[in-house]
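For reference, the structure discussed in these notes is given below.
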Amino acid sequence: MTLLITVFAAVAVTVLWYNRKDDTMKLGTLCWLYWGASIMWLVDALFEYAELGADYFAPAPEEMLNDMFLGLSVVAFGLVIWLVILLIKDPKGSVRAALRRQA
Amino acid sequence: MACFLVSAAEAAVVTAVEKHAENKEKAEIKETGTSVVSETRIPMSRKLKWLSYLLWGGAILLAFEHIWHGEVTPWFPFLTAMSNPADAAEMFHEMATVGVCMALLITGVWLGICFAADAIVKRPERAAEKVTR
Numbered sequence: 000m001t002l003l004i005t006v007f008a009a010v011a012v013t014v015l016w017y018n019r020k021d022d023t024m025k026l027g028t029l030c031w032l033y034w035g036a037s038i039m040w041l042v043d044a045l046f047e048y049a050e051l052g053a054d055y056f057a058p059a060p061e062e063m064l065n066d067m068f069l070g071l072s073v074v075a076f077g078l079v080i081w082l083v084i085l086l087i088k089d090p091k092g093s094v095r096a097a098l099r100r101q102a
Numbered sequence: 000m001a002c003f004l005v006s007a008a009e010a011a012v013v014t015a016v017e018k019h020a021e022n023k024e025k026a027e028i029k030e031t032g033t034s035v036v037s038e039t040r041i042p043m044s045r046k047l048k049w050l051s052y053l054l055w056g057g058a059i060l061l062a063f064e065h066i067w068h069g070e071v072t073p074w075f076p077f078l079t080a081m082s083n084p085a086d087a088a089e090m091f092h093e094m095a096t097v098g099v100c101m102a103l104l105i106t107g108v109w110l111g112i113c114f115a116a117d118a119i120v121k122r123p124e125r126a127a128e129k130v131t132r
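Encoded structure:
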């Protein structure tokens, strides 16, 4: 479930990146972040599948709920990392302009 | 258990190499006065940046998962598996199998992306022609 949610997030962000008008939102960073995690979880899933066989596709409901919660938390954590990078790099100069206005 | 550490270690090395390549390219531009950045060539430092983002992204989000499962703690020895030799041995085995496979697959995917990106930047006219048709 965690892998599935991360892959969906990666695909959605990649589509947004493809349709971007400019690079001011730094969506590429978020793409790499989610795709990196998706690839790593894919390997994890393959090893688990090799160990469990078909049982891998029939998780207990409680386990699935926890994995879903984890997947959503991972997506949220990725978004926070991306936001921090965006605010620090400040490609549009919005943060700088806001801080100068307040000074 | 700690499979993300392999990718994190690779990420640290790739970041150092990327910075070195970036400085080398900047020095080259200063020396020759011409930019290595062209419409048909992607600089190596940029490609390495893609790999470092992939590796750091995966390692950070997987570290979060390990914290979630209680396998990483904020106190010494930071990895719960290090508290007894049997768990530590299992952890090292997982790093050598799952961790190495993760790092290899990410590097393989990155190589594929680099080849595809090089091919894509070399065909701008063809794509433009198709759009106008």
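Residue numbers (numbering that gives the first Met the number 0), protein chains in the order written: chain A, 0 to 102; chain B, 0 to 132. Glycine residues also receive a C-beta, built at the ideal position from the N, C-alpha and C atoms.
With 16 other Cβ atoms within 10 Å as the buried cut-off, status of Lys-88/A
Residue 88/A sits at position 89 when you count from the first residue of the first sequence. Lys-88/A comes out exposed.
Does Phe-3/B get closer than 9 Å to chain A when you measure Cβ to Cβ?
Residue 3/B sits at position 4 when you count from the first residue of the second sequence. Judged by the 9 Å Cβ criterion, Phe-3/B is in contact with chain A.
Could you give the C-beta distance for Thr-14/B and Ser-44/B, rounded to a whole number, given that I count them as a contact under 8 Å?
Here residue 14/B is taken as the residue at index 15 of the second sequence, counted from 1. Here residue 44/B is taken as the residue at index 45 of the second sequence, counted from 1. Between Ser-44/B and Thr-14/B the Cβ distance is about 11 Å, and since that is not below 8 Å, they are no contact.
Give the interface partners of Leu-203/B over in chain A, defined as CB-CB distance under 7 Å, in chain order.
Residue 203/B lies beyond the range of chain B shown here (0 to 132); nothing can be said about it.
Output needed for Leu-29/A: all residues of its chain with C-beta closer than 7 Å, excluding positions within five of it in sequence on either side, in chain order.
Working through the first sequence from its first residue, we reach residue 29/A at position 30. Excluding sequence neighbours, Leu-29/A sits near Val-12, Gly-77, Trp-81.
Go through its chain and collect everything with a Cβ distance to Val-71/B's Cβ below 7 Å, but skip five positions before and after it.
The count along the second sequence starts at 1 and reaches residue 71/B at position 72. Correct list, in chain order: Ala-62, His-65, Phe-77, Leu-78.
Between Phe-3/B and the rest of its own chain, which residues show a CB-CB distance below 6 Å, the 5 nearest in sequence each way excluded?
In the second sequence, counting from the first residue as 1, residue 3/B sits at position 4. Result list for Phe-3/B: Ala-58, Leu-61, Ala-62, in chain order.
Residues of the segment 89–116 of chain B with a CB closer than 8 Å to any CB of chain A: list them in chain order, please.
Thr-96, Val-97, Cys-100, Met-101, Leu-104, Ile-105, Val-108
Whose C-alpha, out of Met-101/B, Ala-1/B, Ala-95/B, Lys-23/B, is nearest the C-alpha of Leu-41/A?
Position 42 of the first sequence, counted from the start, is the residue given in the question as residue 41/A. The candidate whose alpha carbon is nearest that of Leu-41/A is Met-101/B.
Closer than 9 Å to chain A by CB, Ile-59/B
The residue you call residue 59/B lines up with position 60 of the second sequence. Answer yes: the Cβ-Cβ gap between Ile-59/B and chain A drops below 9 Å somewhere.
Please report the distance separating the alpha-carbon of Pro-58/A from that of Leu-2/A.
Counting from one through the first sequence, the residue named residue 58/A turns up at place 59. Counting from one through the first sequence, the residue named residue 2/A turns up at place 3. Straight-line Cα distance between these residues: approximately 14 Å.
Kindly indicate if chain B contains any beta-carbon less than 9 Å away from that of Leu-85/A.
Translated into positions along the first sequence, residue 85/A becomes position 86. Chain B, which has no Cβ nearer than 9 Å to the Cβ of Leu-85/A, makes this no.
Using the C-alpha atoms, what's the distance from Asp-117/B back to Leu-103/B?
Numbered from its first residue, the second sequence carries residue 103/B at position 104. Numbered from its first residue, the second sequence carries residue 117/B at position 118. One C-alpha to the other measures close to 21 Å.
Suppose only complete runs of 4+ residues qualify. What are the alpha helix (DSSP H) ranges in the segment 3–84 of chain A, listed by chain order?
26–51
Only counting the same chain, and skipping five residues up and downstream in sequence, which positions put a Cβ closer than 7 Å to that of Trp-34/A?
The residue given as residue 34/A occupies position 35 in the first sequence. Around Trp-34/A: Ala-9.
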